[in-house]
Amino acid sequence: MLCPISLRKPDDFHLHLRDGKLLEAVLPHSAQTFARTLVMPNLATPIVNARQARTYKENILRILHKFRYPSNASSPFHPLMTIFLTEETTPQSFYLEDSERTSPPLERSVFAGKLYFATATTNTKHGVQHLPSLFPLFEHMEKHNIPLSIHGEIADETTDVFDRESLFIDQHLEPLIERFPELRITFEHISTKEAVDFVSERARSPNKLAATITPHHLLLNRNDLLGCGLRPHHYCLPLVKRERDRLALVGAARSGERCFFLGTDSAPHGRSHKQASCGCAGIFNAPYAIECVFAALQPDKPAELGCLELFTSENGAAFHDLPLNEERITLVKKTAPYRTSLSVPVPDPVPVPDPVPVPDPDPVPDADAEEEIVVFTPPNQPDDTESLQILRG
Ligand code: DOR
Ligand code: ZN
976 MLCPISLRKP
986 DDFHLHLRDG
996 KLLEAVLPHS
1006 AQTFARTLVM
1016 PNLATPIVNA
1026 RQARTYKENI
1036 LRILHKFRYP
1046 SNASSPFHPL
1056 MTIFLTEETT
1066 PQSFYLEDSE
1076 RTSPPLERSV
1086 FAGKLYFATA
1096 TTNTKHGVQH
1106 LPSLFPLFEH
1116 MEKHNIPLSI
1126 HGEIADETTD
1136 VFDRESLFID
1146 QHLEPLIERF
1156 PELRITFEHI
1166 STKEAVDFVS
1176 ERARSPNKLA
1186 ATITPHHLLL
1196 NRNDLLGCGL
1206 RPHHYCLPLV
1216 KRERDRLALV
1226 GAARSGERCF
1236 FLGTDSAPHG
1246 RSHKQASCGC
1256 AGIFNAPYAI
1266 ECVFAALQPD
1276 KPAELGCLEL
1286 FTSENGAAFH
1296 DLPLNEERIT
1306 LVKKTAPYRT
1316 SLSVPVPDPV
1326 PVPDPVPVPD
1336 PDPVPDADAE
1346 EEIVVFTPPN
1356 QPDDTESLQI
1366 LRG
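Start counting at 1 in the sequence shown, then tack on 975, and there's your number in our numbering.
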């Protein structure tokens, strides 16, 4: 692989930062790598309007300030806020004041709306049950150029969990893009070849449909989850799929096609919530998200590096009409091993998908205890003495 590598500073168009002590523990890991990030709203009490989004953003900025990110003017980190769409969301939910309707997207309190079907994943019991009830809202979003980010899986208990993404395409996504052709839609964390093919075929110019791809879906298939012991730290939603799906995702990320870009879906849960009778879905990849992308895409020619840079640092910005980041990051070979866990105060219990009766529940950890979050790292090659890592200041 080429080394050292200089890369336009990446953006992360899908990130779970949580709140409280956990937010403080995980935020620096994203802030030191990414310029802009789309912050997901699925807190235990979801962020459902501009006022809550503003408060959440202020918390994030306060913690950034504590870690001195704002003092480094050349390295700003911009949280772009989303709201959780429910059947009660109104157009007004997007704005603090009416004047925001005409503000540039970067200055609005809310950058995008996030759609989850009820119980699709962590903290989504308030999600949508009947999609047509949101059509008037989508009309407003289409007209006012508010992007729609979708957790693209149907959440019907009787549907096989491996088929939920493909069925979402047929049942919801296809009709949605026909009905709202100007609505800017991001099909998030795609995990199947069907999704890659659909987005690639439907993308047009100017593009209104795009997909994010996570580092872990680029690196893992379902054998890595289930094939050699149950690996709870590889459990996320949508589930990682077959090798042919992983290869299609790698192909999409390597292609440089404008409709594919990085969204890490970094989603921290404490070890005791992952290794549990009813474990949480989510992979914490923020510390080495870019290193994982390099490990999966293995660019060894400058042209391949160019495509990778489109994926990590340009396509998402272009899709959202944002300026390109001017700053760059550098990756070098280091002898220091990857850090494999992070100590954090015990996070609140996060039932997934939502309270499901478990016959043999685990003991609740002591509230004063420390908890660990397992860090997703690039796979180690047996003869590796050095690992590729971002130079961090
Ligand atoms: O694996 C996941 N974890 N997928 C999601 O969509 C949500 C996330 C979380 O918030 O834990
Ligand atoms: Zn997510």
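Each residue gets a CB set at the ideal place from its N, CA and C atoms; glycine is no exception.
- If you check the CB distance, valine 1215 and serine 1141 do not come in under 8 Å.
- Residue side-chain check: methionine 1015 places its Cβ nearer than 7 Å to a non-hydrogen atom of the ligand ZN.
- When the alpha-carbon of isoleucine 1125 is set against those of His1115, Gln1027, Pro1016, the nearest one is in Pro1016.
- Proximity to phenylalanine 1042 across Thr1057, Leu1002, Thr1012 peaks at Leu1002, based on C-alpha coordinates.
- Within the model, the alpha-carbon separation for threonine 1133 versus isoleucine 1188 is close to 26 Å.
- The shortest C-alpha to C-alpha distance from alanine 1186 to any of Cys1253, Thr1287, Arg1076, Leu1109 is the one to Thr1287.
- Note that the C-beta distance between cysteine 1211 and isoleucine 1258 is below 8 Å.
- In this model, serine 1084 and leucine 1272 are separated by some 35 Å (Cα to Cα).
- Going by beta carbons, histidine 1209 and leucine 1222 fall outside the 8 Å limit.
- Relative to the ligand ZN, even the nearest heavy atom lies 7 Å or more away from the CB of aspartate 986.
- By the Cβ rule, the region 1170-1180 counts as touching the region 1231-1242, because three or more pairs are nearer than 8 Å.
- Near the ligand DOR, meaning a beta-carbon closer than 5 Å to one of its heavy atoms, we find His991, Thr1096, Thr1097, Cys1211, Leu1212, Ala1242, Ala1256, Gly1257.
- By the CB criterion at 8 Å, isoleucine 1304 and leucine 998 fall outside the cutoff.
- Taken from the Cβ of histidine 1209, every heavy atom of the ligand ZN lies 7 Å or farther away.
- Judged by DSSP secondary structure, isoleucine 1125 falls within the beta strand (DSSP E) whose first and last residues are 1123-1125.
- For proline 1122, the CB contacts under 6 Å within the same chain, skipping 5 residues up- and downstream, are Ala1087, Arg1159 in chain order.
- Residue nearest to tyrosine 1031 within the set Thr1008, His1040, Met1056 is Met1056 (criterion: CA-CA distance).
- Between leucine 1205 and valine 1171 the beta-carbon gap is near 27 Å, outside 8 Å, which marks them as no contact.
- Proline 1054 is bridged by DSSP to Thr1012.
- DSSP, read as helix, strand or coil, puts lysine 1089 in strand.
- According to the DSSP secondary-structure assignment, aspartate 987 is paired through a beta bridge with Thr1012.
- Using a cutoff of 7 Å, the CB of aspartate 994 does not count as near the ligand ZN, since none of the ligand's heavy atoms is closer than that.
- With a cutoff of 7 Å, aspartate 1145 does not count as near the ligand ZN, since its C-beta is closer than that to no heavy atom of the ligand.
- By the beta-carbon neighbour count (other beta carbons within 10 angstroms, threshold 16), aspartate 1240 is buried.
- Residue ranges of uninterrupted alpha helix (DSSP H) with 4 or more members are absent from the region 1060-1107; none lies entirely inside it.
- Residue state for proline 1320 is assigned as strand, using DSSP reduced to three classes.
- Judged by DSSP secondary structure, threonine 1305 falls within the beta strand (DSSP E) whose first and last residues are 1303-1309.
- For the 8 Å CB-CB criterion, leucine 1299 and glutamate 1284 do not form a contact.
- Comparing alpha-carbon positions, the option among Pro1207, Asn1024, Pro1080, Glu1361 lying closest to glutamine 1250 turns out to be Pro1207.
- The closest heavy atom of the ligand ZN lies 7 Å or more from the beta carbon of aspartate 1138.
- Going by C-alpha positions, leucine 1081 is about 29 Å away from proline 1107.
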